[in-house]
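*Asks:* Numbering (my numbering), first residue to last: 15 to 352. No residue lacks a Cβ here, since even glycine has one placed at the ideal position from N, Cα and C. On a predicted model such as this, the values are computed, not experimentally measured, just so you know.
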C-alpha cells in the first residue's frame, strides 16, 4: 500500500470526473524558471521526445540551461527533425548540446543498449523524464515479447529502463562522497485514466497481463521503498489531457475531437513533468505530481487490496525482466544506506 500524503483532497475526490474537468480548465500551472533552477552542467534524458509533450519538455529543459539533452526516440529521423526544431526555435547557449539516441520500447534489446550508453556517460545523467507511451485502442501483441503492446511500452519497458537507470545512479553514488552527491531525478509519466480504470481482473493468475494504467503508480510506490531518495527521487507525474501529441492522435477522429475540446496544450502539460523533475523535492519520492502539486494517486493504490496486488505485480515484473538481473539491482539499491 502506498504511503499517503498530506493533501487538501481525498483520493476519491481527486479521481472524480468533475475534478478532472476543473483541472483541465483551471488555468496553466506555472513554468519553472532558470532563476529558480539552473541546470547548467546537468544532463537530461527525455523519452518520446520527437513531438508533443516530450518535445515541449525538451524545450523547457533547454530553457533552464541544461548542458546536454538526450532525445530518446524510436524513429531517429523524427528525432533529428525534433533536434532541428529545438535548436532553431531558440539558439543554444555555449556549452549546450542536443543529441538523438535510439530507444525502442518494443524491444528489450533496444532498452538495454540505450541504458548501457547512459551508463557510459561522463558526467552521469541527472534527470530522466520517461514520457514515451502508446494507446493502440485495439488489442495487439508485441511480436518479440508476446505481451500486449500497450503493456509492453507503457509498463514493462518503462520499468526496465527505470531500473537500469537506477543501477547507473547507484554505481555513481557508491564511489562518491554522499554529502556531495546530487540525487538523480526519474519521472514516470502517468495519467488520469489510472484513477478511472476498473480493475476487475485483480485476482487473475498470472496478474501481469490484466494490468491497466494503475501498474506504474503501484510499481513506483513500491520501488520508492527500496530506493533511498539520496540516490534518486522517483515520482509519477500527470500532464493532464493534452492535444497535439501522437498519443492523442492514436485515439481516432472522434476521440481526437474530444481531446481538442477538453485538452490543454502540450506545453502546458509539460510544465508539470519538468516541475516534477527539477522542483519537487524529497517529499515527492514515490508520490504523484499533478498541476505542479503533490496529489493522491488512484484510490486503489491506498486500498486494503493494494498491498497483496502490488506484491504479485512486483514478483511477476521481476520474473519477466530477470534477463536483466533486475532482482540484483533492486537488492543492491535496498542495501545502499544514505
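#1: Just to confirm, are residue 344 and residue 177 a CB contact at a threshold of 8 Å?
#2: May I ask which residues mark the beginning and end of the beta strand (DSSP E) holding residue 240?
#3: Which whole-angstrom value is the C-beta distance of residue 200 and residue 168, which I expect to be below 8 Å?
#4: What does residue 309 pair with, by DSSP beta-bridge criteria?
#5: Which one of 159, 125 and 150 has the shortest CA to CA distance from residue 144?
#6: In chain order, what residues of the same chain have a beta carbon less than 8 Å from the beta carbon of residue 332, not counting five sequence neighbours either side?
#7: Let me know if residue 76 comes out buried or exposed under the rule of 16 or more other beta-carbons within 10 Å of its beta-carbon.
#8: Would you identify the three-state DSSP class for residue 148, choosing helix, strand or coil?
#9: Would you tell me roughly how many angstroms separate the C-alpha atoms of residue 96 and residue 289, rounded to the nearest one?
#10: Tell me whether the beta-carbon of residue 327 lies closer than 8 Å to the beta-carbon of residue 232.
#11: Does the Cβ of residue 128 have 16 or more other Cβ atoms within 10 Å, making it buried, or fewer, making it exposed?
#12: Three-state secondary structure (DSSP) at residue 127?
#13: Do residue 247 and residue 183 have their C-beta atoms closer together than 8 Å?
#14: To the nearest angstrom, how far is the alpha carbon of residue 257 from that of residue 276?
#15: Can you list, in chain order, the residues of its chain with a C-beta nearer than 8 Å to that of residue 48? Leave out the 5 residues immediately preceding and following it.
#16: Going by DSSP in three states, residue 271 sits in which element: helix, strand or coil?
#17: Throw me the rounded Cβ distance for the residue 203 and residue 234 pair, which I believe falls under 8 Å.
#18: Count the other C-beta atoms from every protein chain shown that fall within 10 angstroms of the C-beta of residue 65, then say buried if there are 16 or more, exposed otherwise.
*Replies:* Looking at the atomic coordinates:
#1: Here residue 344 is taken as the residue at index 330 of the chain shown, counted from 1. Here residue 177 is taken as the residue at index 163 of the chain shown, counted from 1. Result yes, Cβ atoms of residue 344 and residue 177 sit closer than 8 Å.
#2: Looking up residue 240 in the chain shown gives position 226. No beta strand (DSSP E) contains residue 240, which DSSP labels as neither H nor E.
#3: Residue 200 sits at position 186 when you count from the first residue of the chain shown. Residue 168 sits at position 154 when you count from the first residue of the chain shown. Under the criterion of beta carbons closer than 8 Å, residue 200 and residue 168 do not qualify as touching, at roughly 16 Å.
#4: Here the question's residue 309 lines up with position 295 in the chain shown. Note: residue 309 sits in a beta bridge opposite 302.
#5: The residue given as residue 144 occupies position 130 in the chain shown. Answer by Cα proximity: 125.
#6: Numbered from 1 along the chain shown, position 318 holds the residue referred to as residue 332. Once the five neighbours on either side are set aside, the close Cβ partners of residue 332 are 340, 341 and 344.
#7: What you label residue 76 is simply residue 62 of the chain shown in a count that begins at 1. The residue in question, residue 76, is buried, as its Cβ has 16 or more Cβ neighbours within 10 Å.
#8: As a working note, residue 148 is residue 134 in the chain shown. Here residue 148 sits in coil by DSSP.
#9: Counted from its first residue, the chain shown places residue 96 at position 82. Counted from its first residue, the chain shown places residue 289 at position 275. Approximately 22 Å between the Cα atoms of the pair.
#10: As a first step, residue 327 must be located in the chain shown, where it is residue number 313. As a first step, residue 232 must be located in the chain shown, where it is residue number 218. The answer is yes: Cβ separation under 8 Å.
#11: Numbered from its first residue, the chain shown carries residue 128 at position 114. Residue 128 should be labelled buried.
#12: The residue you call residue 127 lines up with position 113 of the chain shown. Reduced to three states, the DSSP call for residue 127 is helix.
#13: Within the chain shown, residue 247 is the residue found at index 233, counting from 1. Within the chain shown, residue 183 is the residue found at index 169, counting from 1. Their beta carbons are not under 8 Å apart, which means residue 247 does not touch residue 183 by this criterion.
#14: By one-based count along the chain shown, residue 257 stands at place 243. By one-based count along the chain shown, residue 276 stands at place 262. Rounded to the nearest angstrom, the two C-alpha atoms are 9 Å apart.
#15: Reading the chain shown from its first residue, position 34 is the one you call residue 48. Here the set comprises 77, 78 and 79.
#16: Sequence index remark: in the chain shown, residue 271 carries index 257 (1-based). Looking at residue 271 - three-state DSSP - the assignment turns out to be helix.
#17: Reading the chain shown from its first residue, position 189 is the one you call residue 203. Reading the chain shown from its first residue, position 220 is the one you call residue 234. Rounded, the Cβ-Cβ distance is 11 Å, inconsistent with contact.
#18: As a first step, residue 65 is located in the chain shown; it is residue number 51 there, counting from the start. With 16 or more other Cβ atoms within 10 Å, it is buried.
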